[in-house]
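Step one of this worksheet: look at the structure below.
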Amino acid sequence: MSVLAVVARHELLASRRNRAPQLLVAMFIGMVGFSSFIGWMTQHTVSGIYRQVLADGLTTQPNPFVDVAPLFFARNTVIYVVMIGTLMAAALGVQSALRDRKAASADLVLTRPSPVKALLAGRMIGIGALLAVVVAVSSVISWLSISVITRAPLGLGNTARLAGFGALTWVLLLGFAALGVLGGLYIKRETTALLAPFVAWAVIAFVLPQLGTAARPVSLLNPVAAVPQTSGVFHAVSFVTGPLSVTEHFKTASQAILEGSAAGFPVMSGVVIAIFAAGLVAAVVVTSPSRLRGGASE
Amino acid sequence: MNSVAVFASKELLDLRRNKVVWVLTASLAAAVLISVVVASLDFRTQIADYHAYVSQLKASGSAVIPAAPQLFPLQLLRGGFEYIEIIGALFAVVVGYGTIARERSRGTMHLIFTRDTGRVAFAGGKLIGIGVFWAVMVGAIIAVAAASVAVVGTASLNGGDAFKLLIAGVASWVYLMFWSAIAAGLTALMRRTTSALILALGLWLLVVLIVPQIGDTMDPDNQVPGGLFKALAIQKPDEVAVLAHFASFESARNALEATSVSKLFERIAFAFLGIKDKYNGQGFGLLWHAMYRYSWSVLAMTVSATGFAIATSTRNNLLRKAS
Chain A
49 MSVLAVVARH
59 ELLASRRNRA
69 PQLLVAMFIG
79 MVGFSSFIGW
89 MTQHTVSGIY
99 RQVLADGLTT
109 QPNPFVDVAP
119 LFFARNTVIY
129 VVMIGTLMAA
139 ALGVQSALRD
149 RKAASADLVL
159 TRPSPVKALL
169 AGRMIGIGAL
179 LAVVVAVSSV
189 ISWLSISVIT
199 RAPLGLGNTA
209 RLAGFGALTW
219 VLLLGFAALG
229 VLGGLYIKRE
239 TTALLAPFVA
249 WAVIAFVLPQ
259 LGTAARPVSL
269 LNPVAAVPQT
279 SGVFHAVSFV
289 TGPLSVTEHF
299 KTASQAILEG
309 SAAGFPVMSG
319 VVIAIFAAGL
329 VAAVVVTSPS
339 RLRGGASE
Chain B
54 MNSVAVFASK
64 ELLDLRRNKV
74 VWVLTASLAA
84 AVLISVVVAS
94 LDFRTQIADY
104 HAYVSQLKAS
114 GSAVIPAAPQ
124 LFPLQLLRGG
134 FEYIEIIGAL
144 FAVVVGYGTI
154 ARERSRGTMH
164 LIFTRDTGRV
174 AFAGGKLIGI
184 GVFWAVMVGA
194 IIAVAAASVA
204 VVGTASLNGG
214 DAFKLLIAGV
224 ASWVYLMFWS
234 AIAAGLTALM
244 RRTTSALILA
254 LGLWLLVVLI
264 VPQIGDTMDP
274 DNQVPGGLFK
284 ALAIQKPDEV
294 AVLAHFASFE
304 SARNALEATS
314 VSKLFERIAF
324 AFLGIKDKYN
334 GQGFGLLWHA
344 MYRYSWSVLA
354 MTVSATGFAI
364 ATSTRNNLLR
374 KAS
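Residue numbers (my numbering), protein chains in the order written: chain A, 49 to 346; chain B, 54 to 376.
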């Protein structure tokens with residue numbers, strides 16, 4: 049078996065044994081399942097409000113929720129990927145890097161003539177496989193819950209859209225997992241290593257989009273991307289912060305995949321996410337062997 | 054000096070020497086400052102747009118001129134307090150976790166418990182130290198916020214504004230203490246410190262981000278960009294009358310939000326800072342009448358969290374070896 053396959057298999061086994069990050073995995077999968085139900089319950093209430101408004105003769109406007117697309121119910125999943133999925137992936141990445149450092153097993157492994165790049169690539173393949181399983185399970189749950197809500201199995205087109213959204217989610221999560229691995233490799237103290245990707249996430253999810261759009265932090269916890277300003281200071285700043293606001297790009301691309309929205313530049317957003325993930329994974333793979341050695345302290 | 058005071062002063066010394074804590078607090082202050090800058094620039098953009106609009110109206114011969122946007126200085130702090138709500142809580146978790154994890158990793162826990170320190174001295178002293186630390190940090194962040202409103206926002210704060218800002222600062226202190234106490238309690242309770250940190254972060258995710266997000270998602274008015282009732286061209290009194298038919302749904306939504314200490318903190322801070330329009334410009338008496346239930350709830354949660362931290366910081370729990 050090649051070094052890549054051995055390390056990837058070991059990564060999967062070790063992640064399965066580590067219970068702490070599994071809490072975040074469970075939260076993520078649970079909320080993805082629950083989000084369809086929340087969407088359905090709210091849509092049901094809004095339709096009731098509309099019927100009441102119509103009965104009271106207060107409006108002549110059409111029902112904004114008439115003929116809502118089935119994948120509308122997956123809309124909230126986007127924000128749970130940004131809020132929980134990314135942090136779950138970062139925690140898995142940090143734990144992966146710290147596990148070997150704490151056990152000092154890297155010192156032992158590096159006595160063998162194994163190429164370091166293959167070791168690190170194998171680790172990322174293992175994490176990638178684990179994330180693929182998590183995303184696949186959450187996609188199946190979404191498919192089933194939407195089918196139950198709409199009382200009909202999702203058609204081929206919508207299933208393909210859901211699969212496309214799953215693929216995009218996997219790429220984003222892989223990027224954040226790589227960010228976590230980098231934290232675990234480069235930072236000596238365990239707490240700081242775990243905290244660093246969380247702070248990076250806060251900057252990516254809140255600070256950068258705020259600088260380019262003037263949106264408030266809490267309003268960024270919305271499945272729809274904040275609209276960049278078209279003039280003035282924020283417009284100029286968004287040239288710098290826009291490409292780095294990866295979570296906003298994820299919202300734009302997801303909305304296009306799930307609902308066929310033409311808002312923003314979905315293809316470019318997809319490319320930004322791919323570059324983000326590829327860049328961070330490459331940064332992990334080219335890490336110096338010296339970073340793998342030495343224990344981690346509290 | 055008694056044992057409690059010794060532990061409190063040692064905790065303060067440790068926090069002062071901890072570079073990570075300084076970086077985190079400076080980051081929080083910077084985020085608050087950035088928020089004020091962004092809000093000020095946004096307001097200036099609104100004013101410029103207003104003047105351009107008025108010029109167009111005048112050029113077209115219209116005699117009806119809309120009112121100019123009004124600056125309420127404390128409203129510039131909305132984003133800053135949202136950062137305290139989200140990022141501040143995260144940093145408070147790290148501070149609370151660190152107070153126990155540090156002693157365990159250094160191996161000083163066994164040394165501490167060779168002395169006759171009393172049942173609550175260890176946790177009580179550490180929590181007092183953390184309380185003093187947060188009081189100083191919140192004071193500094195509030196000072197940064199007030200200065201940035203005055204300098205960047207070019208708005209002056211009167212005595213009433215300063216008093217309301219002080220109350221929002223006290224609410225922030227109570228809120229951050231809640232998170233530090235919960236994290237300290239969980240770390241004392243669990244054998245593996247890393248598992249405790251991940252559990253505390255999971256709780257942070259649930260309380261700070263997930264529950265308020267579900268509450269927002271369940272708000273019927275949030276279902277359409279710009280608001281459902283605006284889209285249906287419905288006036289406010291009619292909106293209230295219609296929603297009365299869906300009181301149980303609204304009650305369930307409100308009850309869900311009220312379980313989140315973060316949402317309660319947000320409501321208190323936003324009311325006293327006049328960020329919610331219906332509370333803007335109101336006197337202290339009316340604000341307290343509207344917010345006292347939330348204020349007592351947040352205080353009760355923090356007292357419970359402190360009790361939890363003290364109750365779990367037993368000699369047996371703290372001296373357990375990691376599995």
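Note that CB positions come from ideal geometry on N, CA and C, so glycine has one too.
Tell me the residue span of the alpha helix (DSSP H) that contains Gln-395/B. Missing from the structure shown is residue 395/B; chain B here goes from 54 to 376 and no further.
Helix, strand or coil at Arg-237/A [DSSP, three-state]: strand
Please state whether the Cβ-Cβ distance between Ala-253/B and Leu-239/B is less than 9 angstroms. yes
Could you name the residues of the segment 225 to 253 of chain B whose beta carbon sits closer than 8 angstroms to any beta carbon of chain A, in the order they occur along the chain? Arg-245, Thr-246, Thr-247, Ser-248, Leu-250, Ile-251, Leu-252
Return the Cβ separation of Gly-228/A and Gly-318/A in integer angstroms, given the expectation that the two are a contact with Cβ distance under 8 angstroms. In fact, because the Cβ distance is near 22 angstroms, the residues do not count as touching under 8 angstroms.
Which runs of the alpha helix (DSSP H) spanning at least 4 residues fall entirely within the segment 157 to 196 of chain B, listed in chain order? 161 to 165
Does DSSP put Ala-331/A in a helix, in a strand, or in coil? helix
For Lys-316/B, count neighbouring Cβ atoms within 10 angstroms of its own Cβ and tell me buried if that reaches 16, exposed if not. buried
Residues of chain A with CB closer than 8 angstroms to the CB of Gly-132/B, please, in chain order. Gln-258, Arg-264, Pro-265
Given Trp-226/B, which residues of its chain have a CB within under 7 angstroms of its CB, disregarding the five upstream and five downstream residues? Trp-187, Ala-188, Val-191
Of the listed residues Ile-194/B, Leu-127/B, Ile-153/B, Leu-164/B, nearest to Ala-176/B (C-alpha basis): Ile-153/B
Would a C-beta distance cut-off of 9 angstroms place Ala-225/A and Leu-179/A closer than the cut-off? yes
Using three-state DSSP, classify Asn-370/B as helix, strand or coil. helix
Cα separation between Gln-70/A and Glu-138/B? 26 angstroms
Considering Cα atoms alone, identify which of His-104/B, Leu-326/B, Ile-363/B is closest to Pro-122/B. His-104/B
With distances taken Cα to Cα, identify the nearest neighbour of Ser-233/B among Trp-257/B, Lys-217/B, Arg-245/B. Trp-257/B
With 8 angstroms as the limit, tell me which residues of the segment 144 to 163 of chain B have their beta carbon closer than that to any beta carbon of chain E; keep them in chain order. Of the protein chains in this structure, namely A and B, none is chain E.
Using 8 angstroms for Cβ pairs, my map puts Thr-239/A next to Pro-118/A. What's the rounded Cβ distance? No, Thr-239/A and Pro-118/A are not in contact; Cβ-Cβ is about 44 angstroms, not under 8 angstroms.
Rounded to whole angstroms, what is the Cα-Cα separation between Ala-311/A and Ile-305/A? 11 angstroms
What does the alpha-carbon distance come out to for the pair Asn-55/B and Pro-265/A? 44 angstroms
Other residues of its chain near Pro-276/A: CB distance less than 6 angstroms, five sequence neighbours each side excluded: Gly-260, Thr-261, Ser-286
Can you give me the C-alpha to C-alpha distance between Trp-88/A and Glu-303/B, rounded to a whole angstrom? 16 angstroms
Pull up the CB-CB distance for Pro-314/A and Ala-301/A, whole angstroms please, since I reckon it's below 8 angstroms. 5 angstroms
N- and C-terminal bounds of the alpha helix (DSSP H) containing Met-354/B: 337 to 365
Boundaries (first-last residue) of the alpha helix (DSSP H) holding Gly-334/B: No alpha helix (DSSP H) holds Gly-334/B; DSSP gives it neither H nor E.
Using a 10 Å radius around the Cβ and a threshold of 16 neighbouring Cβ atoms, would you call Trp-191/A buried or exposed? buried
Let me know the alpha helix (DSSP H) ranges lying completely inside the segment 210 to 268 of chain B, each 4 residues or longer, listed in chain order. 212 to 242, 246 to 257
What did DSSP end up calling Asp-330/B once you bin it into helix, strand or coil? helix
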